[in-house]
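Residue numbers (the working numbering): 4 to 250.
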């Protein structure tokens, strides 16, 4: 539940590492100020309370939201249940990771978010022993969704992750959600404790409590150049054969 507010110090630490500061060197004010502001708000989290009981019944279904940005990628799992004619949504688990030091494209990071989302929801299903529960995974990346749904001769990076995602989510549904409606955005960008409290993100997106007919629906349409950039490169080799003739 606190995952969005714990990302900032990780990002600061990675920025420090990239800047190659020594242990004895005094840190620039910008780093110190950013960390101090985050630290001074941590006390706000002491009063956060969440109900321990979660409603699981025959109407329950899991919804996974994934997202990524330049600095991190993330996934979170919510349970949605109908209780006395009302839809209840609760956060079950969330996870984020700092992006690798080696720079990756946003579509690749979005695909990595899909991958940890697939792993995360499977760990939840095993924990609650609900192998038959309905699962929907949401991403705002049309490129990543295209890679997952379509078959192509992708690069090794994409092919390996798509293979794992398909194995873990073969019987689940992948859907597109607009970026401004993706609750995982806060999780991948990080925020201060105060911002997290104001968001009440653990309650899930408000639209998820509405009738499924009003949920976002959009076709997965990509520009060929966005998708094909990860196609495996073909190498052409010219060979000249010479034949020795003996009298």
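Glycine included, every Cβ here is placed at the ideal spot set by N, Cα and C.
Fair warning: this is a prediction, and the values are worked out from it, not measured in the lab.
Under the 8 Å Cβ criterion, the stretch 85-100 counts as touching the stretch 203-215, having at least three qualifying pairs. A contact is defined here as three or more CB-CB pairs under 8 Å, and the stretch 184-202 meets this definition with respect to the stretch 31-51.
The stretch 23-41 and the stretch 105-120 do not touch, with fewer than 3 CB-CB distances between them shorter than 8 Å. Annotation: the continuous alpha helix (DSSP H) that includes residue 201 extends over 196-202.
Pairing residue 92 with residue 19 gives a Cβ-Cβ distance that is not under 8 Å.
In the three-state reduction of the DSSP assignment, residue 91 falls in the strand class. Under the criterion of beta carbons closer than 8 Å, residue 10 and residue 78 do not qualify as touching, at roughly 13 Å.
Here residue 180 is buried, its C-beta having at least 16 other C-beta atoms within 10 Å. Within the same chain, 62 come within 7 Å of residue 85 by CB-CB distance, once the 5 residues on both sides are set aside. Looking at the DSSP output, residue 98 sits in a beta bridge with 78. For the 8 Å CB-CB criterion, residue 118 and residue 192 do not form a contact. Only buried fits residue 120, as 16 or more other CB atoms lie within 10 angstroms of its CB.
Secondary structure at residue 188: helix, using DSSP grouped into helix, strand and coil. In this structure residue 66 is buried. Its beta-carbon is surrounded by 16 or more other beta-carbon atoms within 10 angstroms. The DSSP assignment places 176-179 as complete runs of the beta strand (DSSP E) inside the stretch 147-183, in order along the chain (cut-off: 3 residues).
Within the model, the alpha-carbon separation for residue 200 versus residue 83 is close to 21 Å.
Per the C-alpha coordinates, the member of 101, 73, 134 and 124 positioned closest to residue 16 is 101. Of the other Cβ atoms in all chains shown, 16 or more fall within 10 Å of the Cβ of residue 138; this residue is therefore buried. Around the CB of residue 59, fewer than 16 other CB atoms lie within 10 Å, so the residue is classed as exposed. Judged by DSSP secondary structure, residue 62 falls outside any alpha helix (DSSP H); it is assigned neither H nor E.
Residues 210 of the same chain have their beta carbon placed closer than 7 Å to that of residue 218, with the five preceding and five following residues left out of the count. The shortest CA-to-CA distance from residue 64 to any of 176, 170, 54 and 157 is the one to 176.
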